[in-house]
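Here the structure is laid out as structure tokens; the discussion comes afterwards.
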Amino acid sequence: MDVEFTPEDNAFREEVRSFIAENKPAHLDGIERGDLTKEDFLAWHKTLHKKGWVAPSWPEEYGGTGWSVTQKYIWNEENAAAGTIAPLPFGVAMLGPVIYTFGNQEQKDWVLPGILSGETWWCQGYSEPGAGSDLAALKTRAVRDGDDYIVNGHKIWTTLAQYADWMFCLVRTGDSEKRQEGISFLLIDMKTPGITVRPIITIDGGHEVNEVFLEDVRVPAKHLVGEENKGWTIAKFLLGNERSGIAGVARSKKAIERLREIARGELEDGSPLMESPAFSRKIAELEVDLTALEYTELRTLASESKGQGPGPESSILKIKGTEIQQRITELTVEAVGNYAAPWVPQLERGDNYMAIGADWAEGASQTYFNTRKTSIYGGSNEIQRNIIAKMVLGL
Ligand SMILES: Cc1cc2nc3c(=O)[nH]c(=O)nc-3n(C[C@H](O)[C@H](O)[C@H](O)COP(=O)(O)OP(=O)(O)OC[C@H]3O[C@@H](n4cnc5c(N)ncnc54)[C@H](O)[C@@H]3O)c2cc1C
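Each residue of the sequence shown is one higher than the one before, starting from 444 at the first, in the numbering used here.
Right, dumping it as structure tokens:
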């Protein structure tokens, strides 16, 4: 593919850059992700909705922007550079494409507008205790009762379910010998009686994930997406989109820039750490890997623009992207040394306290610990390697 920017692309970049500068919710600058409220998560999303720019990758007929691959790339780069809070993936990147690909007209009409406007917050009910990597082992059961399903089960690691209005959920509806053939894809209103959301506090002290218990939850059968027992195809399609989105190339570029700044400010034996050949080599290695990943992502985007969905290649993006994200946080901790250690947990926004060490050291450990998740969620990196071995390399 051609990755030269045309004058039109450069004009588009200017347009995007000024839109972001004029409309970005500046009060959210510098706030750690763990401190964001529901409104904070939605602030940029709602601004983009007004402009019609929430879902660049959707087909135009459903609310997409009709941008070229290069324009989408520029859009991601400019948002990363400005540090905006991207619309959460559960609606825009995951469920939306499922609904316009597999949903019926009624589902398209009520689900897609709520995703675009940000009015409906979706969470992902896939994993269960005992069904993570081996997702087809899931036991949450939906039994047909007249016009409804009665759902019983236990989901886990459900990201931001504490804010969710609805959950897209994998449920067992059949007992075929091939486990994948008894799974269905159901949309569940989180306000339905019988649903309990219980927080899980992670190693960085944050409340990002939850357990969701479903006890005799009555779900109208019209909220089944696709056919009963055929949900596995949809589940895999959604995971492909989830994985491509995790690569986060533009944001890693920005994070490496910040790491460079930190390394210029930190001293080692009286000289800036950035002048240490050992440390600057590590940053250079990161940049080389990131550039290689960027070109792989561009190739994927190019084939998507020709109508090919993300295939098993998205596993490569997921592995390399998350490894790079983790290496950046590791090098940040290495750069700030002891000052990464202090942890001031859960301070209320606006508290008056002195950071220990340089400002840039604050939160380095939290971010390091939090980022361990990236090689686990969206299907662990070991599982992605299995997929590559089987589906890409044909081993
Ligand atoms: C922060 C976070 C957010 C998440 N958000 C959501 C969410 O919103 N919704 C949702 O449904 N799920 C979510 N998940 C769950 C995530 O998808 C699972 O954690 C992941 O699929 C791994 O499953 P598991 O935790 O059950 O680990 P296990 O499957 O028990 O795996 C344990 C270890 O064994 C390895 N392993 C397992 N099987 C194999 C194999 N065949 N070959 C090689 N190695 C193997 C794994 O790689 C892993 O290292 C989230 C997870 C995290 C950490």
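In this text, a Cβ means the ideal position worked out from N, Cα and C, and glycines have one as well.
Inter-residue distance for residue 564 and residue 542 is about 15 Å (C-alpha atoms, whole angstroms). Look at the beta carbons and you see the region 752-763 touching the region 678-692: at least three pairs across the two are nearer than 8 Å. In this structure, residue 816 has its beta carbon less than 7 Å from a heavy atom of ligand 1. Its Cα nearest to that of residue 599, the residue 610 stands out among 610, 591, 589.
Residue state for residue 525 is assigned as helix, using DSSP reduced to three classes.
Remark: the shortest separation between the CB of residue 684 and any heavy atom of ligand 1 does not fall under 7 Å. Here residue 836 is exposed: its Cβ has fewer than 16 other Cβ atoms, across all protein chains shown, within 10 Å. Our two residues, residue 821 and residue 647, have alpha carbons roughly 20 Å apart in a direct line. Contact between the region 571-580 and the region 538-555 is absent, with fewer than three C-beta pairs closer than 8 Å.
Taken through DSSP and simplified to helix, strand or coil, residue 819 comes out as coil. The three-state secondary structure of residue 626, taken from DSSP, is strand. Counting only residues of its own chain and dropping the five nearest sequence neighbours on each side, residue 663 has a CB closer than 7 Å to the CB of 590, 591.
The alpha carbon of residue 482 has as its nearest neighbour, out of 464, 531, 511, the alpha carbon of 531. Excluding its 5 nearest sequence neighbours in each direction, residue 633 has C-beta neighbours in its own chain below 7 Å: 607, 608, 609, 610, listed in chain order.
Taking 8 Å as the upper bound for CB-CB distance, residue 506 and residue 559 are in contact here, some 5 Å apart. Excluding the 5 residues flanking it on each side, residue 631 has same chain C-beta neighbours closer than 6 Å at 610, 612, 662, in chain order. Scanning the region 630-685 for uninterrupted beta strand (DSSP E) segments of 3 residues or longer gives 638-644, 650-663, listed from N- to C-terminal end.
Under DSSP, residue 568 forms a beta bridge with 612. With a cut-off of 8 Å on Cβ pairs, the region 799-814 is in contact with the region 471-478, counting three or more such pairs. Beta bridge pairing from DSSP links residue 598 with 655. Residues 697 of the same chain have their beta carbon placed closer than 7 Å to that of residue 524, with the five preceding and five following residues left out of the count. Residue pairing by DSSP places residue 710 opposite 715 in a beta bridge. Burial state of residue 516 is buried, judged by a 10 Å Cβ sphere holding 16 or more other Cβ atoms. If you check the CB distance, residue 595 and residue 538 do not come in under 8 Å.
In terms of Cα proximity to residue 677, the closest of 498, 767, 614 is 614. In this structure the region 705-721 touches the region 758-778; the number of beta carbon pairs closer than 8 Å is three or more. In the DSSP annotation of this structure, the continuous segment of the beta strand (DSSP E) that includes residue 588 starts and ends at 584-588. Going by DSSP, residue 764 is part of the alpha helix (DSSP H) stretching over 757-779. About 15 Å separates the beta carbons of residue 729 and residue 762, which is beyond the 8 Å limit, so they are not a contact pair. In the structure shown, the three-state DSSP call for residue 591 is strand. Not a single heavy atom of ligand 1 lies less than 7 Å from the C-beta of residue 592. Between residue 764 and residue 782, the C-beta gap is not smaller than 8 Å, which leaves the two residues out of contact.
When beta bridges are read from the DSSP output, residue 801 appears opposite no residue.
The residue from 620, 617, 568, 573 with its alpha-carbon nearest to that of residue 603 is 568.
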